[in-house]
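In mature numbering (1 follows the signal peptide of the UniProt record, and there is no 0), the protein residues as written are -21 to -1, 1 to 129.
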């Protein structure tokens, strides 16, 4: 009788521990908003660090190839605090296409505060209006919003 009780108690303890672990690593710990917030801060930190160090003062504090704006790392970036390639280009507002990480993010926006803080590829492009195509992670998200009927 005693040999059955001890394994049953151990199994119950393991089940309770597993259930506790599941609830502590739920959606709050891995929410996308947290990922986007961290990515945006990362881009800002890099942008400010590059500007602060000013390694290429005559190039606006950019590191890479054919970058404009300030604090960009990679190639063919405009805007501020972009890391990767082809980010933040051809925007009509200085508040668009900033703090992106990856490739082809935050380009061709005609509104304000569009295409910012994206992580991945082909996010936050060709938006109109305001506050469109921001905070995406992955690929092909937040494009062509707020442009009205065609």
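Ideal placement from N, C-alpha and C gives every residue a C-beta, glycine not left out.
Closest residue to residue i among the options (Cα-Cα distance)
i: residue 88; options: 50, 73 and 98; result: 73
i: residue 80; options: 91, 55, 69 and 71; result: 55
i: residue 110; options: 92, 78, 77 and 71; result: 92
i: residue 124; options: 104, 118 and 68; result: 104
i: residue 126; options: 59, 108 and 118; result: 108
Boundaries of the beta strand (DSSP E) in which residue i is found, first to last residue
i: residue 144; result: Only positions -21 to 129 of the chain appear in this structure, which leaves residue 144 out of reach.
i: residue 53; result: 52 to 54
i: residue 43; result: 42 to 44
Helix, strand or coil at residue i [DSSP, three-state]
i: residue 73; result: coil
i: residue 59; result: strand
i: residue 85; result: coil
i: residue 122; result: coil
i: residue 47; result: coil
Per DSSP, cross-strand counterpart(s) of residue i
i: residue 105; result: In the DSSP output, where bridge partners are listed per residue, residue 105 has none listed.
i: residue 117; result: 99
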